[in-house]
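In my numbering, the protein residues as written are 3 to 407. Backbone N, C-alpha and C fix where the C-beta goes; we use that ideal spot for every residue, glycine too. These numbers were taken from a predicted model, which means no experiment stands behind them. The structure under discussion appears below in the form of structure tokens.
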């Protein structure tokens, strides 16, 4: 008898829970259990005072033959989520075999001011047939709304326009921080290739400084500390870090570049990245991608699928877009520096041939750079517009050891 009393008392306590989340679910399940008990003759009335429940049961509990659903309900083994130790197993006398006398129990508890409710027992319904259990609970909706709202405010607060292309993008790194990062990275590269840096009297270094100074004068970045170095390495590569640190590898000069105009196309393209602050823009975009990956992993929990998809559909297309923009800005800089912009398509055509010869050709959807053929077509379509705007009044002179525009 005391075990039945304990079950009904705990069910009444759980049915009075208020709130959301697990409290709401447990209260709903407890009410369903009480309805199941009322179906077999238990009348329950309850109220909550100072955290305790009050209940009064006047009608005896009549158990059906075999125990059936009520015995499983009292055992509580199939009713998860209602807490640990709430239900106790029924005594041996609760369920009798067919033909034996059915036991009757009278459960009297402390009095309660509330009158006992005498209602018809409701139709029993399993708790799984009720409201569907969704992933987005109220608490998760609030948290998701706060996170998304904060992201939108942060994103809008750091929007600005890119130079030349007037493209709207998000940058959350200051210019001084970006230049300092570029200086630190350039010092590391010099330390890595310290025995491969060509001296300034080398012909290739002098040619790079001549071309670089003319383009730097047109770029008009007063806070840049321009440096031009040539690294004796077979790599086909060149870069310009934030702050005006330019490096070209001899592999590019020996295998691809054939004239001063083509070298100007390479240097102008790399300086275009620095002028447009693509390094800082990439850092902000990586933060957004990381946050997107975390949200997708919370929803789907399949990082082995979501992470490659984010990289394939987010990071790589973004990198190719920046390369196209650097081609456009570089074409403007080399034209304004009195170099022939038509040397740029021939340069990238030869670069594609060398990459295919060396086995470095990668499908465009898996590459950080555009396809060479599409890139050449894009540059050729821009040449008439750039020549009309920047190639009409091109004058350069070299006086006092410096270039003047």
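Within the same chain, no residue comes within 6 Å of residue 290 by CB-CB distance, once the 5 residues on both sides are set aside. Distance from the CA of residue 279 to the CA of residue 262, rounded to the nearest whole angstrom, comes to 26 Å. At the C-beta level, residue 378 and residue 343 stay beyond 8 Å of one another. The Cβ atoms of residue 17 and residue 32 lie closer than 8 Å to each other. Setting aside the 5 residues that flank it on each side, residue 187 is surrounded in the same chain by 243, each with a C-beta closer than 7 Å to its C-beta; the list follows chain order. Between the alpha carbons of residue 247 and residue 144 lies a gap of roughly 47 Å.
Looking from the CA of residue 169, the closest CA among 324, 149 and 302 belongs to 324.
Listed in chain order, the non-local C-beta contacts of residue 276 below 6 Å within the same chain comprise 242 and 244, local neighbours out to five positions each way being set aside. Just so you know, the alpha carbons of residue 221 and residue 212 end up roughly 15 Å apart. Residue pairing by DSSP places residue 229 opposite 247 in a beta bridge.
Under the three-state reduction of DSSP output, residue 200 falls in the coil class, being neither helix nor strand. Annotation: the continuous beta strand (DSSP E) that includes residue 161 extends over 161–163. If you draw a straight line from the Cα of residue 318 to the Cα of residue 160, it comes to about 22 Å.
The C-alpha of residue 24 is placed about 19 Å away from the C-alpha of residue 300. 8 Å or more divides the Cβ of residue 371 from the Cβ of residue 328. Residue pairing by DSSP places residue 171 opposite 162 in a beta bridge. Here residue 30 carries a helix assignment [DSSP, helix/strand/coil]. Between residue 240 and residue 268 the beta-carbon gap is near 5 Å, inside 8 Å, which marks them as a contact.
Our two residues, residue 312 and residue 358, have alpha carbons roughly 28 Å apart in a direct line. A distance below 6 Å between beta-carbons, with the five flanking residues on each side excluded, links residue 231 to the following residues of its chain, in chain order: 199 and 249.
Residue 178 is classed as exposed because its beta carbon has fewer than 16 other beta carbons within 10 Å across all chains shown.
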